[in-house]
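S.K.:
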Amino acid sequence: MGLFSELKLAVPWGHIAVKIWGSQKNPPVLCLHGWLDNANSFDRLIPLLPQDFCYVAMDFGGHGLSSHYNPGLPYYHQNFVSEVRRVATAFKWNQFSLMGHSFGGSVGGMEMENILTYKRRHIEQVLQVEASQKPPRAYSSEDLLQKLLSQNSHLNKDSGELLLQRGARKTAEGLVLNRDRRISLPENSFDFVSKELFVQATRRLQARVLMIKALQGFYDVRRVNDKHKEPLLFMVDTLRSILKERYQFVEVPGSHYVHMNTPRVVAGVISSFLQCLPPLSSSRL
394 MGLFSELKLA VPWGHIAVKI WGSQKNPPVL CLHGWLDNAN SFDRLIPLLP
444 QDFCYVAMDF GGHGLSSHYN PGLPYYHQNF VSEVRRVATA FKWNQFSLMG
494 HSFGGSVGGM EMENILTYKR RHIEQVLQVE ASQKPPRAYS SEDLLQKLLS
544 QNSHLNKDSG ELLLQRGARK TAEGLVLNRD RRISLPENSF DFVSKELFVQ
594 ATRRLQARVL MIKALQGFYD VRRVNDKHKE PLLFMVDTLR SILKERYQFV
644 EVPGSHYVHM NTPRVVAGVI SSFLQCLPPL SSSRL
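As structure tokens, then:
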């Protein structure tokens, strides 16, 4: 499973870049990376997973090697959902599994009292970037790696280098990040929903769900005393109470990037999930 191929899928604004491991005759697993990451996020995990699947890791729009959205088109959560459907349609999948990290694995929203603040800030930030004529900043390989690591305390050096292999490009001035500068903060692109709507959506969910939480992950390091832990607990409780045996929640030691830093910690759990009973609907997470 160490071999993979690259492909660019045509979309109206350019292309979506994907990496493919395994035969496309096997059951497909679509892999969705986290915010500001890219398809290389799964390079160390996929070789440890069952080889009788086809793993397709995509770069979301504005990330990795995928095209940036056209000027004036914002990066909303629903756009990324549409990208997933575009990839599934391009491969003519009638049935597939989803494996996502962090933002890529989000299955619902949450109430936020300051949602208007986030939306207003997003609009202002996009307009500011579009009005700026400054070219993207160039770095040496060492400086860019240190910048990435300083902004992501959960990444180790090897994982940071792996993300930059796909997340940056060489220019005459040095290395430049591939990602669109309009996607600075993930909350700017979330489609927040009420708790009531999340409950209704969960009741309609027919898939089986595996949720893996790192014990030293986002909510236990960056937000150890944060009141916003409550939405995560609400989501877990809702999924468990409604899906029952179709929901599996597993806690593992490790950081937010456990799937990259120490992939063997999660590989066994994911492998068991993939190899269990057939899916109940056309998609799984």
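Residue numbers (my numbering): 394 to 678.
Note that CB positions come from ideal geometry on N, CA and C, so glycine has one too.
1. Counting only runs of 4+ residues fully inside the region 526-592, write out the alpha helix (DSSP H) ranges in chain order.
2. Looking at the strands, I want to know which residues DSSP matches up with Trp414.
3. Do the CB positions of Trp406 and Tyr469 come within less than 7 Å of each other?
4. DSSP state of Val614, grouped into three classes?
5. Considering Gly427, what are the terminal residues of the alpha helix (DSSP H) in which it resides?
6. With 16 as the cutoff for other CB atoms within 10 Å, does Asp630 come out buried or exposed?
7. Mark Pro646 as exposed unless 16 or more other C-beta atoms lie within 10 angstroms of its C-beta, in which case mark it buried.
8. My output table needs one value for Ala607: the three-state DSSP class, helix, strand or coil.
9. Given Gly427, which residues of its chain have a CB within under 7 Å of its CB, disregarding the five upstream and five downstream residues?
10. In or out: Val659 buried (at least 16 other Cβ within 10 Å) or exposed?
11. Kindly indicate which three-state DSSP category His408 falls into: helix, strand or coil?
12. Under the rule that 16 or more other beta-carbon atoms within 10 Å means buried, what is Asp551, buried or exposed?
13. Is Gly647 helix, strand or coil by DSSP?
14. Please state whether DSSP places Gly454 in a helix, a strand or coil.
M.R.: In this structure, then:
1. 534-544, 550-560
2. Phe397, Tyr448
3. No, they are not a contact pair.
4. Bear in mind that the predicted position of Val614 carries a pLDDT of just 47, short of 50, making it too unreliable to give a figure here.
5. For Gly427, no alpha helix (DSSP H) segment is defined, and its DSSP state is neither H nor E.
6. exposed
7. exposed
8. If DSSP states are grouped into helix, strand and coil, Ala607 belongs with the strands.
9. Ser434, His494, Ser495, Phe496, Gly497
10. buried
11. strand
12. When all chains shown are included, Asp551 counts as exposed.
13. strand
14. Residue state, collapsed to three classes: coil.
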